[in-house]
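Worksheet for the structure shown next.
4 protein chains.
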Amino acid sequence: MTDPARHASVGIEANRGPSAAGGDTGVTEAVQKTVRKRDSAGTRARILNVATREFANRGYEGARTDDIADRARINKRMIYHYFSSKELLYLAVLEAAYERARSAEQKLDLDTLEPIEALTRFTEFTFDSFVRDRTFINLLATENRQRAKVLKKSARVNMMNSPVIDAIARIITRGHAEGTIRDGLDARQLWVTIIGICYFFFSNVYTLSVIFDADMESPEHIAERRAHVVEFVVRGVKA
Amino acid sequence: MTDPARHASVGIEANRGPSAAGGDTGVTEAVQKTVRKRDSAGTRARILNVATREFANRGYEGARTDDIADRARINKRMIYHYFSSKELLYLAVLEAAYERARSAEQKLDLDTLEPIEALTRFTEFTFDSFVRDRTFINLLATENRQRAKVLKKSARVNMMNSPVIDAIARIITRGHAEGTIRDGLDARQLWVTIIGICYFFFSNVYTLSVIFDADMESPEHIAERRAHVVEFVVRGVKA
Amino acid sequence: MTDPARHASVGIEANRGPSAAGGDTGVTEAVQKTVRKRDSAGTRARILNVATREFANRGYEGARTDDIADRARINKRMIYHYFSSKELLYLAVLEAAYERARSAEQKLDLDTLEPIEALTRFTEFTFDSFVRDRTFINLLATENRQRAKVLKKSARVNMMNSPVIDAIARIITRGHAEGTIRDGLDARQLWVTIIGICYFFFSNVYTLSVIFDADMESPEHIAERRAHVVEFVVRGVKA
Amino acid sequence: MTDPARHASVGIEANRGPSAAGGDTGVTEAVQKTVRKRDSAGTRARILNVATREFANRGYEGARTDDIADRARINKRMIYHYFSSKELLYLAVLEAAYERARSAEQKLDLDTLEPIEALTRFTEFTFDSFVRDRTFINLLATENRQRAKVLKKSARVNMMNSPVIDAIARIITRGHAEGTIRDGLDARQLWVTIIGICYFFFSNVYTLSVIFDADMESPEHIAERRAHVVEFVVRGVKA
DNA sequence: AATGAATGAGTATTCATTCAT
DNA sequence: GATGAATGAATACTCATTCAT
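Chains E, C, D and U are the protein sequences, given in the same order.
UniProt numbering puts the first residue of the first sequence at 1, with every later residue one more than the last.
UniProt numbering puts the first residue of the second sequence at 1, with every later residue one more than the last.
UniProt numbering puts the first residue of the third sequence at 1, with every later residue one more than the last.
UniProt numbering puts the first residue of the fourth sequence at 1, with every later residue one more than the last.
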């Protein structure tokens, strides 16, 4: 609560969040080592980062509060101090993940692009975001398994996704006006479709690798998939 | 081991497997009540049915062997008698699910339809199968969370999906020859795309319901989604 | 109950009992394979052989009735048919082991040897019997851990050891008469001492190997130990 | 972690360890009652004491973690908190037992006695230590039944026994020089022999009692045995 | 703010034994 | 005589959470 420089770094850390498919999030935990003791925001952020990784990799039930405490190098009691319970920690993780996804989407600036190009860009962006980091996919898989039991309790996530859907709606309207985008397209449906085409390959990459007896995570398979997806979406929306 | 009538009923039960999105499978457990005692195949099938439901609804870690035993109305020890361990029981469940999916696909008779019609039919079939039963989706979510750790051990699942992919390849060839299907389509990619477009909506129906603040499982939403998906796929493949 | 040839082989099998320090007893189980079915004595003997091995290698608590049944290639129910319970099976194993030990000792013919030579012979015999087979040592370790709870119930083992002690008493008397054996030796004490000097090395060969960081079961270590033991006993009894 | 008085008492408790042949160790568990709660070293020591008793009396497989927890009046979870697993707890018990045995031997001061007297003293000490407490014998029996599987993992026990063997070596040298001890004695062999002569009577006291139909633990039998053993060892080593 | 000891309900798995054929 | 299915009590170990400092 005293050193502003430290606060700054914490802020960045909190923003970045976990990345990398399933490995280490590469977050700045180690950097904190020297300072510590009575670093409220830092401790909270460190817990949240580690918890994100653990919940994503092991699911809600599989994640262990003990492990989270150990890996965040904090006392287990602190989890309860900052988040009250495992479930509320998990909810904070979910909300942060949605928040990260939304803020990333908003940097896309789709309105400045031609309609087809804008949708291409959005598709590629979605696909590439899953290449970089499957944390969000994993969290959603866990949350849907428990029928959004926890997410339902969130007051913050509701409607968070609308900005990008609004953007897609504007693209459709523009494209329709200029005759490049076909009739009968609903923004929400299109959003679900684009996300879904990208999503399934990554959410199921391990079982697909088994049934196709190949490493679907290899750069070649990913590149092939990416090209197919983009082409398919463009065909699907063209007038 | 002597009464063929009993065997027949068991066979049917074993074939049917669990259905219904997330609730009770309504399988013939109750019917067995009268027979029971020393009904080896029946006991095994009952365990497998209940286990399918439990693993699908609660995930691998969340499923309890105690609950499975109770709900199958067998002694817990029997699980180990027939399946050796929770993991091998789960593997048996996975294999049976793949087997059911494959044998359902094979009844489609896609080769007798016009190419576009055949792909429409396959898309509708895939979509509708998820409407009826999300067991398989849930099992796949669980299995991908653990990086197909268990499925990898299966000697049976490998390449099980090829028949339908071969059928899609034949459709593409036919459509290409007659000029109704576009160039550059790979059967496997198309299979992943069609499954994926259908899949995502159902695998994430609970979180989508929260963020859209609507019951996406309602008949209206499902019908709307179905129409969009079919139209999108047709557009995506047309010449 | 019909083929006398088969019976003969069974008798031999029952006599031989298990051998080899900790490995397979090398008994004739495989030979039985062809005949079988309704071979009462053979089944009983096979159970007893396998049980001896299992109890010796794993202790009373560690031995599994399932394993015994599997390895004897009989139905588990047969154990109860022939022996009533795990405990009574174990008692039968113990009694058979004592019986084997006793009948082996009786072949020594110590009365025909010079006193010192006779005790040397008995010491070597005892030592060598442990080299060949530690089954008896292991059974005794298990039984003493449970304070002879089971052996106490035996009506047969009581005083079984006296023949050899009588023999030792006669040796002492003879040696005393001719002046080769010292005064003050009690046959029973001497018996315990000779057995004990041989026994400890073998009963504790694994922990001794750890604390001496050497394989005490190697031929060299055994030979060195044997020489020391024999020399020590001779010195200990000489006039 | 602040009160040195508590620490001191814990230290003493940890030193004493369990005693008494097979009954209760009578350790200071009751004394702790008043202090308790958040007494880390005390809890650990109490677990170790009770575990020593249980493993000695029931063997590794026979000992129950539940019982150990109950009798140490701690929560079962604490066993895992302090020792990680039943096996590592058992290893800690073994190491502590070896440590106690070694430190007891070192108080013998054999170098100040005449050679024969020193060996007499060592023999009596060994014999008497078994009269007082058969814990170590029981632990060794258990550990040898599992072929020192656990002890092998110890980094501490290796060569722990050398001090006393060195002392015996010095005795032999001295006795040889002054002509009281015979030729050809190896210190390690002699150590095994002396321990062994004492050990067998106690390790097998229950089965010996059955076959001799007498209570070999009675003072008379023990005294008779002690005299025989000492005499035998002296005869065995004399020049 | 931070720590580490302590807890009770639970979790997969095992085991000797009995039942029905 | 022989079989394999079925059982209930238990066994080592785990987990989210709270207490005392």
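Cβ coordinates follow ideal geometry from the N, Cα and C atoms, glycine included.
To which residues of the same chain is residue i closer than 7 Å at the C-beta, ignoring the five residues directly before and after it?
i: alanine 239 of chain C; result: Gly179, Thr180, Ile181, Arg182
i: isoleucine 165 of chain U; result: Ala187, Arg188, Trp191
i: alanine 92 of chain D; result: Leu48, Phe83
i: leucine 108 of chain D; result: Arg121, Phe122, Phe125
i: arginine 170 of chain C; result: Asp111
i: threonine 65 of chain C; result: Lys76, Ile79, Lys86
i: leucine 113 of chain D; result: Arg121
Please compile the residues from chain D whose C-beta is within a distance smaller than 8 Å of the C-beta of residue i.
i: leucine 140 of chain U; result: Asn204, Thr207
i: alanine 148 of chain U; result: Tyr206, Thr207, Ser209, Val210
i: arginine 235 of chain U; result: Arg182, Arg235, Gly236, Val237, Lys238
Using only CA atoms, which one of the options lies nearest to residue i?
i: glycine 59 of chain U; options: D:Thr142, D:Phe200, D:Ser85; result: D:Thr142
i: lysine 153 of chain U; options: U:Glu95, U:Ala118, U:Asp111; result: U:Glu95
i: arginine 147 of chain E; options: C:His81, C:Gly175, C:Ala177, C:Leu208; result: C:Leu208
i: serine 129 of chain U; options: U:Glu105, U:Glu117, U:Leu110; result: U:Glu105
i: glutamate 99 of chain D; options: D:Thr43, D:Pro163, D:Glu217; result: D:Pro163
i: phenylalanine 212 of chain D; options: U:Phe212, U:Glu231, U:Asn158, U:Arg225; result: U:Asn158
i: alanine 41 of chain D; options: D:Arg64, D:His81, D:Thr65, D:Asp66; result: D:His81
i: glutamate 133 of chain U; options: U:Phe202, U:Leu113, U:Thr65, U:Ser85; result: Here residue 133 of chain U turns out to be aspartate, not glutamate, going by the sequence shown. The shortest Cα separation from aspartate 133 of chain U among U:Phe202, U:Leu113, U:Thr65, U:Ser85 belongs to U:Phe202.
i: alanine 155 of chain E; options: C:Glu117, C:Tyr199, C:Phe200, C:Val210; result: C:Val210
i: threonine 43 of chain C; options: C:Arg77, C:Arg64, C:Ala63; result: C:Arg77
Just to confirm, are residue i and residue j a CB contact at a threshold of 8 Å?
i: leucine 185 of chain C; j: isoleucine 195 of chain C; result: no
i: isoleucine 197 of chain E; j: threonine 126 of chain C; result: no
i: threonine 123 of chain C; j: valine 229 of chain C; result: yes
i: isoleucine 222 of chain D; j: valine 150 of chain D; result: no
i: asparagine 204 of chain D; j: asparagine 144 of chain U; result: yes
i: alanine 101 of chain U; j: phenylalanine 136 of chain U; result: yes
i: arginine 174 of chain C; j: proline 115 of chain C; result: yes
i: phenylalanine 46 of chain U; j: isoleucine 79 of chain U; result: Looking at the sequence provided, one finds arginine at residue 46 of chain U rather than phenylalanine. Result no, Cβ atoms of arginine 46 of chain U and isoleucine 79 of chain U do not sit closer than 8 Å.
i: alanine 167 of chain D; j: aspartate 111 of chain D; result: yes
i: phenylalanine 200 of chain E; j: tyrosine 199 of chain C; result: yes
i: residue 245 of chain D; j: glycine 236 of chain U; result: What is shown of chain D runs 1 to 239, which leaves residue 245 of chain D out entirely.
Excluding the 5 residues flanking residue i on each side, which residues of the same chain have their C-beta closer than 6 Å to its C-beta?
i: alanine 51 of chain E; result: Ile68, Leu89, Val93
i: glutamate 220 of chain C; result: none
i: alanine 63 of chain D; result: Glu54, Phe55
For the putative contact between residue i and residue j, defined by C-beta atoms under 8 Å, what is the C-beta separation to the nearest angstrom?
i: glutamate 61 of chain E; j: glutamate 61 of chain C; result: 5 Å
By Cβ distance, which residues of its chain are closer than 8 Å to residue i, with the 5 residues on each side in sequence left out?
i: leucine 139 of chain C; result: Thr52, Phe55, Ala56, Val93, Leu94, Ala97
i: valine 233 of chain U; result: Leu119, Thr120, Thr123, Thr193, Ile194, Ile197
i: aspartate 215 of chain C; result: Ser209, His221
Given that residue i touches chain E, what residues does it touch there, using C-beta distances under 9 Å?
i: residue 257 of chain C; result: Residue 257 of chain C falls outside the range modelled here, since chain C spans only 1 to 239, and no answer is possible.
i: histidine 228 of chain C; result: Gly184, Leu185, Asp186, Gln189, Leu190, Val192, Thr193
Below 8 Å on C-beta distance, what does residue i contact in chain U?
i: leucine 152 of chain D; result: According to the sequence displayed, residue 152 of chain D carries lysine and not leucine. The contacting residues are Val210.
Under 7 Å Cβ-Cβ, which residues of chain D neighbour residue i?
i: valine 157 of chain U; result: Val210, Ile211
Find the residues of chain U that neighbour residue i, judging by a C-beta separation of less than 9 Å, and give them in chain order.
i: glutamate 61 of chain D; result: Arg58, Gly59, Glu61, Gly62
Can you pull the chain C neighbours of residue i, defined as C-beta to C-beta under 8 Å?
i: asparagine 144 of chain E; result: Ala141, Ser203, Asn204, Val205, Tyr206, Thr207
i: arginine 225 of chain E; result: Gln189, Val192
Could you tell me which chain E residues have their CB closer than 8 Å to the CB of residue i, listed as they occur along the chain?
i: glutamate 231 of chain C; result: Gly184
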